[in-house]
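Here the sequence shown stands for residues 145 to 330, numbered as in my numbering.
Report on one structure; see the data block that follows.
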Amino acid sequence: MRIVFLGPPGAGKGTQAQRLKDYLNICHLSTGEMLRGAGEAGTELGAEAERYMNSGKLVPDEVVVGIVGDRLSDKDCSLGCLFDGFPRTVQQAETLDRMLAQRKMPLDLVLALDVPEPKLIERLLARGRPDDNREAISERFRQYGRMTQPLMDYYHQRGILRQIDAQGTPDEVFEKVRGAVDAVGT
Ligand code: B4P
145 MRIVFLGPPG
155 AGKGTQAQRL
165 KDYLNICHLS
175 TGEMLRGAGE
185 AGTELGAEAE
195 RYMNSGKLVP
205 DEVVVGIVGD
215 RLSDKDCSLG
225 CLFDGFPRTV
235 QQAETLDRML
245 AQRKMPLDLV
255 LALDVPEPKL
265 IERLLARGRP
275 DDNREAISER
285 FRQYGRMTQP
295 LMDYYHQRGI
305 LRQIDAQGTP
315 DEVFEKVRGA
325 VDAVGT
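Quick look at the structure:
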């Protein structure tokens, strides 16, 4: 299966993708984690990505698409993949469609995690990552509304979008995620 997690900053994409990875035993591709990894490794690309992330901006499409393409070619992604935080723009979604078509791998499901903004802000401030300060958080919400929210329509039109109320504990949310995935069939 190939599944995309969509949702605003702090909605729990990473939290739920980790649980679903263990449930389905397929590859978990988190662009946020990969970009932070590049930053920690001290590469030039990583330093550039960190500047965007810490100011709440999206990292440029060409950087993100490059790292996703490399990862998707790894053998462990051939049986299935969870895309966590990717795509985040329509251009990234179109590129993902092309990459999957080349590999003859259709996208099965897009799970949109829905949480009210005040709750999201609370979660992010409690986490305290370098990009979890008030200024970066409000920029991340701006970018989400402008660049990522149009993807809801993009996938809704294809009939593969499922909305999940992602309030409640991580375990409660995961029950809903699992229900949506089981309904598609594993
Ligand atoms: P990401 O790493 O994708 O992170 P996120 O959107 O902030 O959070 P996520 O929704 O995964 O929430 P999480 O489970 O961690 O992105 C970070 C940055 O990387 C972006 O701003 C951007 O700059 C860059 N980036 C990444 N992908 C990109 C792309 N494709 N294109 C361009 N740029 C890209 O949960 C958040 C917190 O809430 C955690 O502390 C968690 O423990 C807690 N939590 C989760 N679920 C909870 C629940 N049900 N109840 C209570 N707390 C919960």
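By construction, the Cβ of each residue, glycine as well, lies at the ideal position given by its N, Cα and C atoms.
Between which residues of its own chain and PRO153 is the CB-CB distance below 6 Å, once the five residues before and five after are set aside?
What you label residue 153 is simply residue 9 of the sequence shown in a count that begins at 1. Here the set comprises ARG284.
Helix or strand or just coil, what does DSSP make of GLN307?
For this step, residue 307 is matched to residue 163 along the sequence shown. Reduced to three states, the DSSP call for GLN307 is strand.
Complete runs of the beta strand (DSSP E) confined to the segment 163-190 [at least 3 residues]:
Look at the segment 163-190 and you find these whole runs of beta strand (DSSP E), each 3 residues long or longer: 171-174.
To the nearest whole angstrom, what separates the beta carbons of LEU244 and ARG146, a pair I think is in contact under 8 Å?
Here residue 244 refers to the residue found at position 100 when the sequence shown is read from its first residue. Here residue 146 refers to the residue found at position 2 when the sequence shown is read from its first residue. Under the criterion of beta carbons closer than 8 Å, LEU244 and ARG146 qualify as touching, at roughly 7 Å.
Can you list, in chain order, the residues of its chain whose CB lies under 7 Å from that of VAL208, leaving out five sequence neighbours each side?
Here the question's residue 208 lines up with position 64 in the sequence shown. These residues qualify, in order along the chain: THR175, PHE230, GLN236.
Nearest to ARG286 by CA position, among ALA182, GLU177, SER199, GLN160, is which residue?
Sequence index remark: in the sequence shown, residue 286 carries index 142 (1-based). The residue among ALA182, GLU177, SER199, GLN160 with its C-alpha nearest the C-alpha of ARG286 is SER199.
Rounded distance between the beta-carbons of VAL317 and GLY156, thought under 8 Å
Taking the sequence shown and counting its residues from 1, the one referred to as residue 156 is at position 12. Taking the sequence shown and counting its residues from 1, the one referred to as residue 317 is at position 173. So it is a contact: roughly 6 Å between Cβ atoms.
Please say whether LEU257 and ALA310 have beta carbons closer to each other than 7 Å?
For the purposes of this step, residue 310 is identified with residue 166 of the sequence shown, where counting begins at 1. For the purposes of this step, residue 257 is identified with residue 113 of the sequence shown, where counting begins at 1. LEU257 is positioned such that its CB atom lies closer than 7 Å to that of ALA310.
Can you give the Cα-Cα distance for THR233 and THR292, rounded to whole angstroms?
Within the sequence shown, numbered from 1, the residue matching residue 233 stands at position 89. Within the sequence shown, numbered from 1, the residue matching residue 292 stands at position 148. Between the alpha carbons of THR233 and THR292 lies a distance of about 5 Å.
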